[in-house]
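Residue numbers (this note's numbering), protein chains in the order written: chain A, 766 to 1094; chain B, 766 to 1094. These notes are about the structure you will find just below.
Below, the structure is given as structure tokens:
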């Protein structure tokens, strides 16, 4: 496997990959999308709102499928995405779609999922296996999903992003962020529209930075989570281990931008470091993928700052081993 | 306003309240629900999955409405819920539904929302104003939502729960939990199906306990968040301020129960305290509301343990004041 810094450096190239639909009898009459997939593999569907793609999507990050009535399910398309093709939850979702005779399509590099799609004549897109960690394949997974949904305009917009992902600048931004976050657990805040962006930052800090990190969105967090950061009374004796990154998008609702400003000021007044990070770019897709490069580097330099093995996947492998010892459902 | 302990003690009574639909020309032909509301006011809709109500629901915790096409939106019903009736995001959603001529209904104690519903002849349910904090009105808000959706079986199931909510036992469970969690920031984990239960625990710790707390769900968290708790390398010098509560439901998928077991063991091996809390009760609604009583008390005794004013709402009031100084959009 390539080293992580080489993978991050070359990841913008994923955005020019041209996905091909095999068994291309894609259903077209669906009214909504059920996106079955875990972690980074569900990110393509999760990002549709941030990308201004106005499709009703249910993220299904679980075994099986949502328990909607058959008449509702018949109006949907189930898209099962798994980079490895061997994610047990996603395989379970795919099999249930088959049992219930629902329209289904797949995205994967191979594994059991693609094997079943081929055998059953199900439409699928094969993602290139370029010897990278699954979580570094976000560009591929997003493009495959957009292709299945026939979002050609968005696919073209993504291709135009590549020229503006000058990695030296973004690496420096990420390195500088990691420096500011050293010693803290990152909390990533964004607008509700950009929830998937904040979530990708969070899981990237977890997976690459091997550090506890959480995400939340405006305006919801101003109704509850903010009350957890008063640090008054005897709570002053607790450690204050959090630092907040607010992903600010100039096109967010003005009242959300105001909420971001107030939260930044009140948290800082309680000695919680707040970093305002502007999502910049000529298009929404540029804003999304520039920020992903920054968080890739920030998580990378976070791991480095703590002397961790950035190329290891100890916890995930151990967890999978223990699940496997107990058989597959 | 009543004292918080008196409010918690009497809150099961909310589950026998009989909601009445005014302007009862409710739309019935909708295919999915768009639930507009913030924090606890969106909990009724959020809980439908945990309550095994198989309806496609989009939670919209934001200004405006989802940007789906008009043809999709015409097949939905927008339900705007705000305990006070003055939540600016929810009013904004209600107004946009009006502008787009979408089927809409309201749940509130009064405020601008009910005023507009009355003026415009929109179906609504008026929730009793019993002089309690909005976040303590979960029972009312859930019942109102179920009534609007004509879920009579679930309404009856809720009424049967009351006799089993013996508050002394649940108060003791909550007090004991608070004791174990003292000095830590709670992480609340549950199955994806029970996501709304975990989320209510989290916001209850934030709002009543005034403590940082986060929630996440199985199996998703075993793909990323768990990697943030290795505490290896120089991260060993960081504080380890988290304690995990796993809300275990005997009817969860067996592979999810296995994931819970493995996570409990691996976290404990890294000195992260893990409390397994079983969701018990004869029906899903009993499991839900028993656990809500426990978390109400756990959050209450958390605030008490830190010497905090359990009846105060300092942060929320300050935040609202600052938003108001900047006008209403």
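All C-beta atoms in this analysis are idealised placements derived from N, C-alpha and C, irrespective of residue type, glycine included.
Query	Result
Please give me, in chain order, every unbroken run of the beta strand (DSSP E) with length at least 3 that falls completely inside the segment 974–1043 of chain A.	979–983, 1007–1013 and 1039–1043
Only counting runs of 4 or more residues, tell me where the alpha helix (DSSP H) segments fall wholly within the segment 793–837 of chain A, in order along the chain.	808–811
Can you give the Cα-Cα distance for residue 849 of chain B and residue 1002 of chain A, rounded to whole angstroms?	35 Å
Hey, residue 1034 of chain A and residue 1071 of chain B: beta-carbon distance below 7 Å or not?	no
If contact means a Cβ-Cβ distance below 9 Å, which residues of the segment 790–809 of chain A contact chain B?	796, 797, 803, 804, 805, 806 and 807
Comparing alpha-carbon positions, which option in B/861, B/842 and B/875 lies nearest residue 869 of chain B?	B/842
So, using beta-carbon positions, are residue 807 of chain A and residue 800 of chain A closer together than 7 Å?	yes
Does the CB of residue 1000 of chain B have a neighbour CB from chain A at under 7 Å?	yes
From which residue to which residue does the beta strand (DSSP E) around residue 952 of chain A run?	950–956
Taking only three categories from DSSP, how would you classify residue 1066 of chain B?	helix
Of the residues that make up the segment 976–993 of chain B, which ones have a beta carbon closer than 7 Å to any beta carbon in chain A?	976, 977, 978, 979, 984, 985, 987, 988, 989, 990, 991, 992 and 993
Taking only beta-carbon atoms, is residue 1056 of chain B less than 7 Å away from chain A?	no
Among residues of its own chain, excluding the 5 on either side of residue 1076 of chain B, which ones have a beta-carbon nearer than 8 Å to its beta-carbon?	766, 768 and 769
With DSSP collapsed to three states, give me the class of residue 776 of chain A.	helix
Can you tell me whether residue 897 of chain A is helix, strand or coil according to DSSP?	coil
Report the rounded CA-to-CA distance for residue 892 of chain A versus residue 845 of chain A, giving the unit in angstroms.	13 Å
Please list the terminal residues of the continuous alpha helix (DSSP H) segment that includes residue 927 of chain A.	Segment: none, residue 927 of chain A is in no alpha helix (DSSP H) and carries neither H nor E.
Identify whether residue 869 of chain B lies in helix, strand or coil by the three-state DSSP scheme.	strand
Quick check: what's the CA-CA separation for residue 912 of chain B versus residue 797 of chain B?	16 Å
Looking only at DSSP bridge pairs, what is residue 844 of chain B linked to?	B/800 and B/870
Which residues in the same chain as residue 812 of chain B place their Cβ atom closer than 7 Å to its Cβ, once the five residues preceding and following it in sequence are excluded?	907, 961 and 1053
In whole angstroms, give me the CA-to-CA distance for residue 945 of chain B and residue 963 of chain B.	18 Å
Would you please verify whether the beta carbon of residue 1027 of chain B is less than 7 Å from any beta carbon of chain A?	yes
Using a Cβ cut-off of 9 Å, which residues of the segment 1059–1084 of chain B contact any Cβ in chain A, in chain order?	1068, 1070, 1071, 1072, 1073, 1074, 1078, 1079, 1080, 1081, 1083 and 1084
Nearest to residue 1089 of chain B by alpha carbon, out of B/851, B/805 and B/781?	B/851
Just to confirm, is the Cβ distance from residue 950 of chain B to residue 1006 of chain B under 7 Å?	yes
With a CB to CB cut of under 6 Å and the five nearest residues on each side skipped, what residues in its chain are close to residue 1060 of chain A?	966 and 969
If residue 956 of chain B sits next to residue 1014 of chain B, beta carbons under 8 Å apart, how far is it from one beta carbon to the other, in whole angstroms?	6 Å
Less than 7 Å between the C-beta atoms of residue 1041 of chain A and residue 1021 of chain A, yes or no?	no
State the Cα-Cα distance for the pair residue 1048 of chain B and residue 818 of chain B, rounded to the nearest angstrom.	13 Å
Residue 1029 of chain A and residue 974 of chain A - do their beta-carbons sit closer together than 7 Å?	no
Nearest-angstrom Cα distance between residue 1080 of chain B and residue 861 of chain A?	46 Å
Please determine, among A/896, A/815, A/857 and A/853, the residue with the shortest C-alpha to C-alpha distance to residue 874 of chain A.	A/896
Tell me which residue opens and which closes the beta strand (DSSP E) that residue 889 of chain A is part of.	889–891
Compute the distance between the beta-carbons of residue 791 of chain B and residue 888 of chain B, then report whether it is under 7 Å.	yes
Checking the sheet assignment: what are the DSSP bridge partners for residue 1081 of chain B?	According to DSSP, which records beta bridges pairwise, residue 1081 of chain B is partnered with nothing at all.
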